[in-house]
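Trainee:
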Amino acid sequence: RALSKIGFDVTFACNGLEGLDAMKETIFDITLCDFLMPIMDGLDCVQQFRAWEMVNRSWFRQYITGISAHATNSDSERGLKVGMDAFFSKPVSLKKLQELSKCPEVMEKSRQLDEMHAESKKIEVADKETTRPLVSPEKSHGLVCLIAEDSKAEGMALARVIEKSGFRVSVVENGEDALRLLKMRQWNVVFLDDCMPLLTGSRCILKFREWEATNRVSRANNVYLMSGNYAVKKDTNGVTMFPRGFNGAIGKPLQLKHLGSILEKAAAEQDQFVLNRVESSHKFISMI
Numbered sequence: 213r214a215l216s217k218i219g220f221d222v223t224f225a226c227n228g229l230e231g232l233d234a235m236k237e238t239i240f241d242i243t244l245c246d247f248l249m250p251i252m253d254g255l256d257c258v259q260q261f262r263a264w265e266m267v268n269r270s271w272f273r274q275y276i277t278g279i280s281a282h283a284t285n286s287d288s289e290r291g292l293k294v295g296m297d298a299f300f301s302k303p304v305s306l307k308k309l310q311e312l313s314k315c316p317e318v319m320e321k322s323r324q325l326d327e328m329h330a331e332s333k334k335i336e337v338a339d340k341e342t343t344r345p346l347v348s349p350e351k352s353h354g355l356v357c358l359i360a361e362d363s364k365a366e367g368m369a370l371a372r373v374i375e376k377s378g379f380r381v382s383v384v385e386n387g388e389d390a391l392r393l394l395k396m397r398q399w400n401v402v403f404l405d406d407c408m409p410l411l412t413g414s415r416c417i418l419k420f421r422e423w424e425a426t427n428r429v430s431r432a433n434n435v436y437l438m439s440g441n442y443a444v445k446k447d448t449n450g451v452t453m454f455p456r457g458f459n460g461a462i463g464k465p466l467q468l469k470h471l472g473s474i475l476e477k478a479a480a481e482q483d484q485f486v487l488n489r490v491e492s493s494h495k496f497i498s499m500i
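Going by the working numbering, the first residue of the sequence shown is number 213, and it counts up by one from there.
1) Return helix, strand or coil for T426, following the three-state DSSP convention.
2) Along the chain, which unbroken stretches of the alpha helix (DSSP H) at least 4 residues long are found entirely within the region 250-295?
3) Rounded C-beta distance between G413 and A360? I'm assuming under 8 Å.
4) How many angstroms separate the CA atom of I417 from the CA atom of E385?
5) Taking Cβ to Cβ, would you say C407 is nearer than 8 Å to F379?
6) By alpha-carbon positions, which one of G295, K314, T426 ends up nearest to W264?
7) In chain order, what residues of the same chain have a beta carbon less than 8 Å from the beta carbon of Y436, not counting five sequence neighbours either side?
8) Among F272, D362, W399, which residue has its Cα nearest to the Cα of D326?
9) To which residues does DSSP link Q416 through a beta bridge?
10) Rounding to the nearest angstrom, what Cα-Cα distance links W399 and A365 in this structure?
11) DSSP on M408, reduced to helix/strand/coil?
12) Sorted by chain position, which residues of the same chain lie with C-beta nearer than 6 Å to L410's C-beta, five sequence neighbours on each side aside?
13) So, using beta-carbon positions, are I251 and N227 closer together than 8 Å?
14) Measuring only the C-alpha atoms, how far is D287 from D246?
15) Got a sec? Which residues, its chain only, sit under 6 Å from E341 by beta carbon, not counting five neighbours each side?
16) Have a look at the DSSP bridge pairing and note the partners of D246.
17) Using 10 angstroms around the beta-carbon of P455, count the other beta-carbons present and answer buried if the total reaches 16, otherwise exposed.
18) Taking buried to mean at least 16 other C-beta atoms within 10 Å of its own C-beta, is M266 buried or exposed?
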């Protein structure tokens, strides 16, 4: 109730296992984690979450505050050691919560989440409104796109934007399904989120490239990593370096301009591929 008074939408978990699942499902501005909970205590909950977070959501570190009426100094030190960011003794006053919400670390987390939310809204607006397609549907007719995104809502919103440009889009929510579909056919464009369950985007593409080397004649192109912590890297010659196995990377939140240029490139490559096939066919016929 105190958090609601200062403007937070509050999610309540009645035990450590529910809390762990909630943190995996949703990114929160603030998380308060009691040391003493049924099924799974706070220390175990946070330790398991940090291990999951490192693999599945490395681009954002959830701010977690431990709370307890009985924890000793050594307990609070253990909490910080397993991944808690702060510790409060219970009962936690409204003033203490207000101070927590305004501390620099939490305000920075809130700023990052606001930016992510704003960009997601751009994708939703582009989906819902009658907007100009990112690419002419005539150019991309018949092209196929694979999106692997752990957030079903974001994946579907992105898919609808791309579909308006004439692409046929398939969406999956984990790396194993993405790997299976990558093996099934050639895709004109692929977007792999780096924080998927079962297989991250990076691990998925490495497994696919290993399989591809012995099972395909041509190498899949236009495979892009989607990541919130991607930073452009260049070699000593100033050439942009992309994550291993990928043809490029796109930061999250997604920029519609960048997305449009990727779709345009895929459409142009398909036009050239068709043209080359026609020219090869003519040369073959002239030899008969």
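Ideal placement from N, C-alpha and C gives every residue a C-beta, glycine not left out.
Mentor: According to the structure shown:
1) The residue you call residue 426 lines up with position 214 of the sequence shown. Of the three classes helix, strand and coil, the one that applies to T426 here is helix, per DSSP.
2) Qualifying alpha helix (DSSP H) stretches, in chain order: 254-268, 285-294.
3) Counted from its first residue, the sequence shown places residue 413 at position 201. Counted from its first residue, the sequence shown places residue 360 at position 148. With 8 Å as the limit, G413 and A360 qualify as a contact, their Cβ atoms being about 7 Å apart.
4) Here residue 417 is taken as the residue at index 205 of the sequence shown, counted from 1. Here residue 385 is taken as the residue at index 173 of the sequence shown, counted from 1. Going by the C-alpha atoms only, they are around 15 Å apart.
5) Your numbering for residue 407 matches position 195 in the sequence shown. Your numbering for residue 379 matches position 167 in the sequence shown. Against a cut-off of 8 Å, the Cβ pair of F379 and C407 comes out as no contact.
6) Against the sequence shown, residue 264 aligns to sequence position 52. Measuring from the Cα of W264, the nearest candidate turns out to be G295.
7) For the purposes of this step, residue 436 is taken as residue 224 along the sequence shown, with counting starting at 1. Cβ neighbours of Y436 beyond the five flanking positions: V401, V402, F403, L404, F458, N459, G460, A461, I462, I474.
8) Stepping through the sequence shown from its first residue, residue 326 is reached at position 114. For the residues F272, D362, W399, the minimum Cα distance to D326 belongs to F272.
9) Numbered from 1 along the sequence shown, position 204 holds the residue referred to as residue 416. As written in the sequence, residue 416 is Cys, which differs from the Gln given in the question. In DSSP, C416 forms no bridge with anything.
10) Numbered from 1 along the sequence shown, position 187 holds the residue referred to as residue 399. Numbered from 1 along the sequence shown, position 153 holds the residue referred to as residue 365. Roughly 22 Å separates the two Cα atoms.
11) Walking along the sequence shown from the start, residue 408 turns up at place 196. Three-state DSSP puts M408 in coil, outside helix and strand.
12) The residue given as residue 410 occupies position 198 in the sequence shown. Taken in chain order, the residues that qualify are N386, G387, E388.
13) The residue labelled residue 251 in the question sits at position 39 within the sequence shown. The residue labelled residue 227 in the question sits at position 15 within the sequence shown. Yes, the pair counts as a contact, with Cβ atoms nearer than the cut-off.
14) By one-based count along the sequence shown, residue 287 stands at place 75. By one-based count along the sequence shown, residue 246 stands at place 34. Whole-angstrom Cα-Cα distance: 12 Å.
15) Working through the sequence shown from its first residue, we reach residue 341 at position 129. The pLDDT assigned to E341 is 49, lower than 50, so where the model puts this residue is not dependable, and the model offers no usable value.
16) Residue mapping note: residue 246 aligns to position 34 of the sequence shown, counting from 1. According to DSSP, D246 bridges with I279.
17) As a working mapping, residue 455 is identified with position 243 in the sequence shown. Looking at its Cβ environment, which holds 16 or more other Cβ atoms inside 10 Å, P455 is buried.
18) Taking the sequence shown and counting its residues from 1, the one referred to as residue 266 is at position 54. Counting the other Cβ atoms within 10 Å of the Cβ of M266 gives fewer than 16, which makes it exposed.
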